[in-house]
Amino acid sequence: MSGEDTFAQPHKADLKQENEQATAESRQESQPAAEAAAAPAAATAAEQSPEQESTYRSLVLSGHGGYDKVKLQIKKGKPTPKNGEVLVRVKACGLNFADLMGRQGLYDRLPSPPVTPGMECSGIIEALGEEVTDRKVGDRVMVLYRFGMWQELVTVTVSHTFLMPEEMSFEEAAALPVNYITAYMMLFDLGNLRPNHSVLIHMAAGGVGIAATQLCHTVKDVTVFGTASASKHEAISQGGVTHTIDYRTLDYVDEIRKINPKGVDIVLDPLGGSDTQKAYNLLKPMGKLITYGAANMLTGQKRNLLAVAKTWYNQFSINALNLMHANKAVCGYHLGYLDGEFELITQVVTKLLELYRQGKIKPRVDSTWHFEEVGDAMRRMQERNNIGKVILLPEPKKEVPKKEEDKTDEKKEESKSEEEKKEEQQEILKSREN
Ligand SMILES: NC(=O)c1ccc[n+]([C@@H]2O[C@H](COP(=O)([O-])OP(=O)(O)OC[C@H]3O[C@@H](n4cnc5c(N)ncnc54)[C@H](OP(=O)(O)O)[C@@H]3O)[C@@H](O)[C@H]2O)c1
1 MSGEDTFAQP HKADLKQENE QATAESRQES QPAAEAAAAP AAATAAEQSP
51 EQESTYRSLV LSGHGGYDKV KLQIKKGKPT PKNGEVLVRV KACGLNFADL
101 MGRQGLYDRL PSPPVTPGME CSGIIEALGE EVTDRKVGDR VMVLYRFGMW
151 QELVTVTVSH TFLMPEEMSF EEAAALPVNY ITAYMMLFDL GNLRPNHSVL
201 IHMAAGGVGI AATQLCHTVK DVTVFGTASA SKHEAISQGG VTHTIDYRTL
251 DYVDEIRKIN PKGVDIVLDP LGGSDTQKAY NLLKPMGKLI TYGAANMLTG
301 QKRNLLAVAK TWYNQFSINA LNLMHANKAV CGYHLGYLDG EFELITQVVT
351 KLLELYRQGK IKPRVDSTWH FEEVGDAMRR MQERNNIGKV ILLPEPKKEV
401 PKKEEDKTDE KKEESKSEEE KKEEQQEILK SREN
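The letter at position 331 of the sequence shown is residue 331 when you use full-length UniProt numbering, and the numbering goes up by one with no holes.
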């Protein structure tokens with residue numbers, strides 16, 4: 001496989017096309033999400049007659065900042081798959097923590113705005129480029145890319161698509177790639193997880209956390225320590241976390257030492273900053289620390305430079321001699337930098353799909369949101385409310401028809417004279433004073 005056939009490189013051509021398209025569109029003033037949703041173009045491309053120019057819905061990061069920086073745009077035309085590519089009609093997309101960081105300009109694998117984020121999706125193949133022999137129109141696939149997947153239609157290199165098992169839903173398929181590949185490679189390729197090991201999983205109720213917990217239980221007698229907000233403890237215990245820890249009110253190091261005085265065999269560290277040092281200290285001899293994120297940089301909707309600086313300042317470092325004396329391993333993992341290793345990724349996905357078929361793993365979907373609700377979807381994750389994966393749906397949100405009695409109430413309200421309305425208001429005010 002050439003370097004071009006990776007999940008970062010082939011996108012360069014797409015990126016150029018994408019940026020040109022998105023730039024042109026952003027010049028025309030991006031439509032706010034709700035407005036775009038209500039526009040006639042919200043009819044999906046599939047619903048339009050052949051004479052009409054087809055359109056498709058796409059989320060575009062217009063600049064770094066808060067939730068409103070991700071805009072819903074209606075793009076014209078229909079992408080054509082090139083040699084070795086397929087056109088996928090997307091049914092569901094995954095929201096990842098990296099998308100929150102990318103929105104704030106803290107994720108260097110996402111190109112500068114305007115750009116369509118999204119590293120994973122699932123859908124149905126609608127057209128084949130030349131030289132595609134191992135996929136057919138109608139195949140249900142999940143897709144892993146570096147960015148650009150939050151769209152109703154995407155063209156992707158065929159090697160980045162994986163056939164979905166029949167029993168898998170589109171939401172599950174959109175929830176699987178990033179979280180499960182990450183958890184699998186950390187635990188098995190770097191962590192060398194074995195029977196009787198103990199593992200500390202931070203953010204245990206999140207996408208990667210739940211994937212890692214399920215994968216731990218594919219090995220005999222593994223003890224899982226999981227940190228999460230207290231309201232999620234029941235759910236993660238049921239999901240396989242042996243010891244739940246509320247990191248917001250307790251010192252997780254103390255809590256683990258009370259149960260395992262010697263520490264743990266593996267720590268998965270998505271937090272960074274001072275937590276990486278704590279993770280290292282918590283390792284038993286022969287233990288492994290796998291650092292794979294910097295969630296501590298994120299404190300709110302907009303970038304917090306103090307939190308970013310603090311996380312950088314407290315970065316863990318160690319010299320080789322100390323490492324040798326401690327009999328510990330420190331590893332780093334970043335799926336976004338596994339460019340050029342797509343064969344390796346494919347092998348991992350094959351194993352994951354086998355585990356799915358055997359019923360040993362199953363993505364947990366926290367909630368689904370239509371593209372026009374992307375701000376609320378991001379808020380849910382950022383405000384620490386999700387248990388499992390947050391999913392985005394390209395399909396337009398349907399207006400719920402109002403009930404007859406609501407309509408009658410509205411009519412009654414409209415027909416009231418100004419005098420009557422004033423009287424009613426006076427009565428309300430009086431009752432409040434009393
Ligand atoms: N290196 C890689 O290749 C790779 C790939 C995927 C993910 N990751 C990393 O893995 C971590 C988990 O990612 P995910 O996509 O699965 O997300 P997630 O765990 O679903 O993220 C949301 C949850 O994280 C917890 N959390 C901890 N610190 C937070 C903070 N500062 N702001 C908001 N929430 C915070 C909250 O739950 P509780 O309060 O309940 O803990 C929240 O509900 C992230 O650090 C991400 O960057 C790395």
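We put the beta carbon where it would ideally sit given N, CA and C, even for glycine.
In this text, all values refer to a predicted model and were calculated from it rather than measured experimentally.
Q. Got a sec: does ligand 1 put a non-hydrogen atom nearer than 8 Å to the Cβ of residue 237?
A. As a first step, residue 237 is located in the sequence shown; it is residue number 237 there, counting from the start. Not one heavy atom of ligand 1 falls within 8 Å of the beta-carbon of residue 237.
Q: Identify which residue in 352, 226, 254, 271 has its Cα closest to the Cα of residue 243.
A: Within the sequence shown, numbered from 1, the residue matching residue 243 stands at position 243. The candidate whose alpha carbon is nearest that of residue 243 is 226.
Q) Thinking just about the alpha-carbon of each residue, which of 57, 68, 136 is nearest to the one in residue 85? A) Counting from 1 along the sequence shown, the entry for residue 85 is found at position 85. Per the Cα distances, 136.
Q | Residue nearest to residue 294 in terms of C-alpha spacing, selected from 280, 285, 276, 282 | A | The sequence position of residue 294 within the sequence shown is 294, counting from 1. That would be 276, whose Cα lies nearest to the Cα of residue 294.
Q: Using three-state DSSP, classify residue 294 as helix, strand or coil.
A: Numbered from 1 along the sequence shown, position 294 holds the residue referred to as residue 294. The answer is coil: DSSP assigns residue 294 none of H, G, I, E or B.
Q) Considering only the beta carbon of each residue, do residue 105 and residue 303 sit closer than 9 Å? A) Translated into the one-based positions of the sequence shown, residue 105 becomes position 105. Translated into the one-based positions of the sequence shown, residue 303 becomes position 303. Yes, the Cβ-Cβ distance between residue 105 and residue 303 is below 9 Å.
Q) So does the segment 204-218 actually touch the segment 176-193, counting three or more Cβ pairs closer than 8 Å? A) yes
Q: Could you pull the start and end residues of the beta strand (DSSP E) that residue 225 belongs to?
A: On the sequence shown, position 225 is the one that residue 225 refers to. It spans 223-227 - the beta strand (DSSP E) in which residue 225 sits, taken as one unbroken run.
Q. Would the beta-carbon of residue 475 be found less than 8 Å away from any heavy atom of ligand 1?
A. Past the edges of the chain, shown from 1 to 434, lies residue 475, and the structure says nothing about it.
Q.
Quick check on the DSSP output: what are the complete alpha helix (DSSP H) runs of length 4 or more inside the segment 287-374, in order along the chain?
A. 305-313, 320-326, 342-357
Q | Buried versus exposed call for residue 259 [16 or more other C-beta atoms within 10 Å across all chains shown] | A | By 1-based counting over the sequence shown, the position of residue 259 is 259. By the neighbour-count rule (16 or more Cβ atoms within 10 Å), residue 259 is not buried but exposed.
Q) residue 152 and residue 56 look like a contact to me (Cβ under 8 Å); what is the Cβ gap, rounded to whole Å? A) Position 152 of the sequence shown, counting from 1, holds the residue named residue 152. Position 56 of the sequence shown, counting from 1, holds the residue named residue 56. Confirmed, about 4 Å.
Q.
In the DSSP assignment, the beta strand (DSSP E) including residue 143 goes from what residue to what residue?
A. Position 143 of the sequence shown, counted from the first residue, corresponds to residue 143. Run containing residue 143: 140-144, per the beta strand (DSSP E) assignment.
Q: Flag this pair as yes or no: are the beta carbons of residue 154 and residue 60 separated by less than 9 Å?
A: By 1-based counting over the sequence shown, the position of residue 154 is 154. By 1-based counting over the sequence shown, the position of residue 60 is 60. Cβ atoms of residue 154 and residue 60: not closer than 9 Å.
**Q.** Neighbourhood of residue 156 by C-beta distance below 7 Å, restricted to the same chain and skipping five residues each side
**A.** Indexing the sequence shown from 1 puts residue 156 at position 156. Hits under 7 Å: 85, 86, 88, 143, 145.
Q: Indicate whether residue 267 and residue 289 have their beta-carbon atoms separated by less than 9 Å.
A: For the purposes of this step, residue 267 is identified with residue 267 of the sequence shown, where counting begins at 1. For the purposes of this step, residue 289 is identified with residue 289 of the sequence shown, where counting begins at 1. For residue 267 and residue 289, yes; Cβs fall inside 9 Å.
**Q.** Residue from 90, 53, 150, 129 with nearest C-alpha to residue 70
**A.** Counted from its first residue, the sequence shown places residue 70 at position 70. Comparing C-alpha distances from residue 70 to each of 90, 53, 150, 129 shows the shortest one belongs to 150.
Q) According to DSSP, is residue 107 helix, strand or coil? A) The residue labelled residue 107 in the question sits at position 107 within the sequence shown. Looking at residue 107 - three-state DSSP - the assignment turns out to be coil, as it is neither helix nor strand.
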